[in-house]
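Below is one structure, written out as C-alpha cells; the observations come after it.
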Amino acid sequence: SQQGEEDPQALSIQEGENATMNCSYKTSINNLQWYRQNSGRGLVHLILIRSNEREKHSGRLRVTLDTSKKSSSLLITASRAADTASYFCATDTGGGNKLTFGTGTQLKVEL
Amino acid sequence: EAQVTQNPRYLITVTGKKLTVTCSQNMNHEYMSWYRQDPGLGLRQIYYSMNVEVTDKGDVPEGYKVSRKEKRNFPLILESPSPNQTSLYFCASRATGTQPQHFGDGTRLSIL
Chain A
309 SQQGEEDPQA LSIQEGENAT MNCSYKTSIN NLQWYRQNSG RGLVHLILIR
359 SNEREKHSGR LRVTLDTSKK SSSLLITASR AADTASYFCA TDTGGGNKLT
409 FGTGTQLKVE L
Chain B
-16 EAQVTQNPRY LITVTGKKLT VTCSQNMNHE YMSWYRQDPG LGLRQIYYSM
34 NVEVTDKGDV PEGYKVSRKE KRNFPLILES PSPNQTSLYF CASRATGTQP
84 QHFGDGTRLS IL
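These protein sequences, in sequence, are chains A and B.
The numbering of the first sequence is our numbering, which starts it at 309 and goes up by one.
The numbering of the second sequence is our numbering, which starts it at -16 and goes up by one.
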C-alpha cells in the first residue's frame, strides 16, 4: 500500500513562480525524503528531513514536516524550466529496510 | 564517479524466457533495493538487501528473485517473465538505513 500520497498530481506554473507540493502519509516515520525524476530517468535525492525536524532548506528548496498531521510540503522558489520533472516523497519508517514512495507530482514550468 | 549501474537499459523479450537485470554500485553501500515503477502507482519495492547474503521481500516480490553474493552486485532475476512484469525497474543503494538512496538510470522491460 502507498505510504505517501502527493498532492497535486500535476502542477503547471510559469517560470519565476513558486511551486508547492504536498505529501501525506499514514504511519509514524523516522524521516521523509524528497526525490526528483526527470522523464524516464532515475530518481535524484533532493532533501531529507528527520522526524524531529520541522523545516529544512537547501538552495531554492524548502521542506516542512508536520508529524502531528502526518504531512510534508516541498516548496521550490523562483522556479525554472529545468525544474520540470516529477517529484516524489518517500517515507522511512525505521529499521532502514524500506523506503515507501508516493505516486508523485508532475511539475511543469513554462517559459 | 559514484554510481549505480543497471544493465540492460532496455529489453524486449517473450513470456517465459528467463532474464536477469544486473545492478552494480561502486560506493561500498550495504543497502540495496529493487523497485518497479508503473503509471499511477509510483515506485514499489520488490526486494531489498541489507548486506551480503541478507535479502528480504518488499511489497511486490511475486515472480522475482534476487541474490547478494557480493556487496557491490544485486541482480534481479525473472525466472518466467509474464506480461504483467512489463515495467520500468530501478535499482538503488544507500550507505545505511537512514541515508538517501542513489538510483540507477532504470531498465525498461517489455514482456510480450
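Note that beta-carbon positions come from the ideal geometry of N, C-alpha and C, so glycine has one too.
Computed from a predicted structure; not experimentally measured.
Reference residue i, options the options, closest by Cα
| i | options | result |
| --- | --- | --- |
| Val371/A | Asp391/A, Leu407/A and Gln341/A | Gln341/A |
| Thr53/B | Asp42/B, Ser65/B, Val37/B and Ser63/B | Residue identity differs from the one stated: residue 53/B is Glu in this sequence, not Thr. Comparing Cα-Cα distances from Glu53/B to each of Asp42/B, Ser65/B, Val37/B and Ser63/B, the minimum goes to Val37/B. |
| Gln68/B | Met33/B, Arg91/B and Gln(-14)/B | Arg91/B |
| Gln84/B | His365/A, Ile355/A and Ser359/A | Ile355/A |
C-beta atoms of residue i and residue j nearer than 7 angstroms
| i | j | result |
| --- | --- | --- |
| Val4/B | Leu59/B | yes |
| Val417/A | Thr385/A | no |
| Gln414/A | Ala318/A | yes |
| Ile(-5)/B | Ser70/B | no |
| Glu323/A | Ala390/A | no |
Cut-off 8 angstroms between Cβ atoms - residues of its own chain near residue i, not counting five sequence neighbours on either side
| i | result |
| --- | --- |
| Thr401/A | Gln311, Thr335, Ser336, Ile337, Asn338 and Thr408 |
| Leu351/A | Tyr343, Arg344, Gln345 and Phe396 |
| Arg51/B | Met15, Ser32, Asn34, Val35, Glu36, Val37, Thr38 and Phe57 |
| Arg55/B | Ser7, Gln8, Asn9 and Asn11 |
Contact belief for residue i with residue j at Cβ below 8 angstroms, rounded distance in angstroms
| i | j | result |
| --- | --- | --- |
| Gly89/B | Gly348/A | 7 angstroms |
| Lys1/B | Glu62/B | 6 angstroms |
Contacts around residue i, its chain only, beta-carbon distance under 7 angstroms, and the 5 residues preceding and following it disregarded
| i | result |
| --- | --- |
| Ala368/A | Note on residue identity: the sequence assigns Arg, not Ala, to residue 368/A. Only Ile384, Thr385 and Ala386 meet the Cβ criterion. |
Cβ shell of residue i (< 6 angstroms), same chain only, five flanking positions each side left out
| i | result |
| --- | --- |
| Leu26/B | Tyr18 and Gln20 |
| Glu363/A | Thr372 |
| Gly412/A | Glu314, Ser394 and Phe396 |
| Ser309/A | At Ser309/A, the pLDDT of 41 sits below 50, so the modelled position is not reliable; the number obtained from the coordinates is stated separately. Result list for Ser309/A: empty, nothing under 6 angstroms. |
What runs of the alpha helix (DSSP H), each 4 residues or longer, lie entirely inside the stretch 317 to 404 of chain A?
You should have found no qualifying run.
In chain order, which continuous runs of the beta strand (DSSP E) of length 3 or greater are located wholly inside the stretch 49 to 75 of chain B?
Along the stretch 49 to 75 of chain B, the beta strand (DSSP E) occurs as fully enclosed runs of 3 or more residues at 59 to 61, listed in sequence order.
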